[in-house]
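Structure, as structure tokens:
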Amino acid sequence: MSVINSTNSTNSISTTNHTLVNSNIINNTSANSTTFNTTLYDLTIFANQNKVALIGLAIPIEFAILMYLVCKCGNKDRRSFAYFYCFLLAYEFTFEVAFFINNSHTIESLYFPSLFSFAVPAFINYIVGLYILYKTSDKFYKMFFKSFICAIDIRLIQICNSQYTKYQDVVLWLSGINLLIEDIPQLVIQILYKTNTYGFEIIPFMSLILCSIVIVIGLLSHLYITIGKHKTQESVSKKLGRKDSKNERNSSDTINDVDEWGVPRY
1 MSVINSTNST NSISTTNHTL VNSNIINNTS ANSTTFNTTL YDLTIFANQN
51 KVALIGLAIP IEFAILMYLV CKCGNKDRRS FAYFYCFLLA YEFTFEVAFF
101 INNSHTIESL YFPSLFSFAV PAFINYIVGL YILYKTSDKF YKMFFKSFIC
151 AIDIRLIQIC NSQYTKYQDV VLWLSGINLL IEDIPQLVIQ ILYKTNTYGF
201 EIIPFMSLIL CSIVIVIGLL SHLYITIGKH KTQESVSKKL GRKDSKNERN
251 SSDTINDVDE WGVPRY
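Here it is in structure tokens:
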């Protein structure tokens with residue numbers, strides 16, 4: 001009788017353990033399912049509340065990808081990237097304006113730095129672009145309109161005017177200055193904003209991402225220019241052999257004739 005009771009007790013404990021294990025599995029599965037459903041529900045609410053912003057975000061991205069593919073297929077040289085980068089600069093500038101209007105007042109200490117890093121480079125780019133276009137264009141209304149495009153970034157002048165070669169060094173130097181007084185300060189502002197606020201906001205988030213991309217590409221492009229000029233100098237020196245002063249002068253002219261993407265013009 002004692003053995004039977006012991007066996008029944010063991011079976012009861014085993015059954016209880018199995019029940020507890022199954023209960024824990026069910027509870028964990030239920031909790032995971034609830035978490036997933038909650039996350040999905042939150043994402044649905046977020047998408048409904050920000051559908052205009054998401055559509056406005058998706059269309060330019062899709063257009064940028066399409067534009068890049070068209071340029072890549074239609075133009076096999078390295079200039080296809082230049083057009084894609086120009087669109088990226090314009091897109092980043094749009095979010096920069098949106099951040100300044102919509103978010104810069106959230107943290108008062110970031111308002112004036114945002115104003116400075118936005119207004120000062122845009123004004124300088126506009127004035128320099130207007131001057132270059134004035135020297136190389138003959139129609140005032142086109143020059144005036146294109147100068148506003150240059151306010152976004154001075155390198156956009158490459159899609160506005162193909163006759164600015166003599167001002168290439170000015171464009172290169174000013175693009176480097178823009179990197180120091182606009183792009184890097186904007187990145188710092190976005191990081192400070194993110195660390196001092198809670199939740200997800202699409203404008204600051206996209207501004208941070210795009211600003212980071214522009215800085216990385218800007219640094220790489222300047223490095224590429226330096227390498228491109230160095231290689232061009234070596235190839236021209238070997239080709240001409242520096243036989244006389246005329247060849248040296250031609251060599252100097254050719255070395256400087258490298259565009260802002262490091263692509264030789266000759």
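Numbering (UniProt numbering), first residue to last: 1 to 266.
Even for Gly, the Cβ is constructed at its ideal location relative to N, Cα and C.
#1: According to DSSP, is residue 106 helix, strand or coil?
#2: For residue 153, which of helix, strand or coil comes out of DSSP?
#3: Mark residue 271 as exposed unless 16 or more other C-beta atoms lie within 10 angstroms of its C-beta, in which case mark it buried.
#4: Hey, could you find the ends of the alpha helix (DSSP H) residue 176 is sitting in?
#5: Rounding to the nearest angstrom, what Cα-Cα distance links residue 179 and residue 111 in this structure?
#6: Does the region 114 to 129 come close enough to the region 89 to 106 that 3 or more CB-CB pairs lie under 8 Å?
#7: Cα separation between residue 146 and residue 189?
#8: Tell me the DSSP secondary structure of residue 111 in three-state form.
#9: Mind checking residue 109: buried by the 16 CB within 10 Å criterion, or exposed?
#10: Can you check which of these residues, 155, 202, 206, is closest to residue 218 by C-alpha distance?
#11: Any chance the region 167 to 183 sits against the region 191 to 202, with 3 or more Cβ pairs inside 8 Å?
#12: Pick helix, strand or coil for residue 91, following the three-state DSSP scheme.
#13: CB residue 182 to CB residue 103, shorter than 8 Å?
#14: Does residue 164 come out as helix, strand or coil in the three-state DSSP assignment?
According to the data block:
#1: For the purposes of this step, residue 106 is taken as residue 106 along the sequence shown, with counting starting at 1. Three-state DSSP puts residue 106 in coil, outside helix and strand.
#2: By 1-based counting over the sequence shown, the position of residue 153 is 153. In the structure shown, residue 153 sits in coil (DSSP, three-state: anything other than H, G, I, E or B).
#3: Here the chain comprises residues numbered 1 to 266, so residue 271 is not present and cannot be evaluated.
#4: Translated into positions along the sequence shown, residue 176 becomes position 176. Per DSSP, residue 176 belongs to the alpha helix (DSSP H) from 168 to 178.
#5: As a first step, residue 179 is located in the sequence shown; it is residue number 179 there, counting from the start. As a first step, residue 111 is located in the sequence shown; it is residue number 111 there, counting from the start. Across the structure, residue 179 and residue 111 are spaced so that their CA atoms are roughly 20 Å apart.
#6: Touching, per the Cβ criterion.
#7: Walking along the sequence shown from the start, residue 146 turns up at place 146. Walking along the sequence shown from the start, residue 189 turns up at place 189. Residue 146 and residue 189: Cα-Cα distance of roughly 29 Å.
#8: Numbered from 1 along the sequence shown, position 111 holds the residue referred to as residue 111. The three-state secondary structure of residue 111, taken from DSSP, is helix.
#9: For the purposes of this step, residue 109 is taken as residue 109 along the sequence shown, with counting starting at 1. With fewer than 16 Cβ atoms within 10 Å of its Cβ, residue 109 is classed as exposed.
#10: Working through the sequence shown from its first residue, we reach residue 218 at position 218. Among 155, 202, 206, the Cα nearest to that of residue 218 is on 155.
#11: With the cut-off at 8 Å, the region 167 to 183 and the region 191 to 202 do not touch.
#12: What you label residue 91 is simply residue 91 of the sequence shown in a count that begins at 1. Three-state result, residue 91: helix.
#13: One-based indexing of the sequence shown puts residue 182 at position 182. One-based indexing of the sequence shown puts residue 103 at position 103. No, Cβ-Cβ distance for residue 182 and residue 103 is not below 8 Å.
#14: Mapped onto the sequence shown, residue 164 falls at position 164. Three-state result, residue 164: coil.
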